[in-house]
Structure formats: C-alpha cells, structure tokens
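Count along the sequence shown from 1, then add 2; that gives the number in our numbering. Virtual Cβ for every residue (Gly too), placed ideally from N, Cα, C. Please read all numbers here as calculations on a predicted model, not as lab measurements.
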Amino acid sequence: MIRRGLLILGLFAGSVSADEAVTSGTGAILRGLDKVSGQTQDFRVTNGSTAEIYGLDVALGDCRYPVENPTGDAFAYLTIWERDQRQAIFDGWMIASSPALSALDHSRYDVWVIRCMTP
C-alpha cells in the first residue's frame, strides 16, 4: 500500500516537471563535425529553412527551449539528408543536453544542437 502511494506520488511529481513551459526560438545554432578531417563548425539556421552542413542538407522545423533556461535544454526538430538525395537519414527531435538520445547515424558527418537563437 505504501509502495503504491509512493509510486503514484513519484509519477505525479515527474509529470509536473515535464510540464515545464517552453517557447520557440527564431532558429538554432547547430554544430557540424566532419569525422574524416576532424573539422567542426557552428551554423545558424532559422526556423523553416535549410542549411548545407558539410555534405548534408539540414532543415530546421522548430527550436524550443525552457522559458526559465534559454541557454540550456534546447530541442530542435531536424530533417537531415545527404546532398542530392531524397531519402532522409534523420527526421525527429534532437536534444541539446542529450545528443546521443536521438542522434544522427552517419559514417562521416555528425550534427548536433547547441542552443536556440533567441530574440
């Protein structure tokens, strides 16, 4: 009985923190890595636009961040495909604080979210 109550309390407390207020930024700062040359570069991409990051095309749908912490825990909806290809190799949310949670799987290039651009 006590365990069940603690479990319910734990689930309720977890859902409260999951309801943290977020807002959309004007775009995102993404970092690209060429694994062969070891070169990294930061790219500024606005919402709804596509950027060429090394041999990849990266489209940013939206970048959101917690209202209380604009420089941390950003998450962006990205669609990534190899240049001149139609098949997306990544399509989903990428989280700045946990890039391995939903990562691009490419043999040569890597892309991850650094933060959202704020007005």
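For residue i, the nearest candidate out of the options (CA to CA)
| i | options | result |
| --- | --- | --- |
| D112 | R66, V60, V69 and R46 | V60 |
| L106 | I55, V24 and S51 | I55 |
| T25 | I91, A78 and G94 | A78 |
| T48 | G34, G27, P68 and D36 | G27 |
| F92 | D86, S99 and I82 | I82 |
| E84 | S109, P101, V69 and E70 | S109 |
Test item: CB-CB of residue i and residue j under 8 angstroms
| i | j | result |
| --- | --- | --- |
| L62 | L80 | yes |
| R46 | M119 | yes |
Between the CA atoms of residue j and residue i - distance to the nearest angstrom
| i | j | result |
| --- | --- | --- |
| A76 | R117 | 5 angstroms |
| A23 | W114 | 23 angstroms |
| M96 | C65 | 9 angstroms |
| D36 | S104 | 19 angstroms |
| S39 | S99 | 25 angstroms |
| P121 | A30 | 12 angstroms |
| P101 | Y67 | 15 angstroms |
| D69 | T42 | It should be noted that the sequence gives Val, not Asp, for residue 69. About 29 angstroms. |
| Q87 | N71 | 37 angstroms |
| Q89 | G50 | 19 angstroms |
| T73 | T52 | 23 angstroms |
Check: residue i C-beta below 7 angstroms from any heavy atom of the ligand ATP
| i | result |
| --- | --- |
| N49 | In the structure on display, the ligand ATP does not appear, and there are no ligands present to speak of. |
> At what residue ranges does the region 56-116 contain a whole run of the beta strand (DSSP E), taking only runs of 3 or more?
Replying inline: Entirely contained in the region 56-116, the beta strand (DSSP E) runs reaching 3 residues are, in chain order, 58-68, 77-84 and 92-97.
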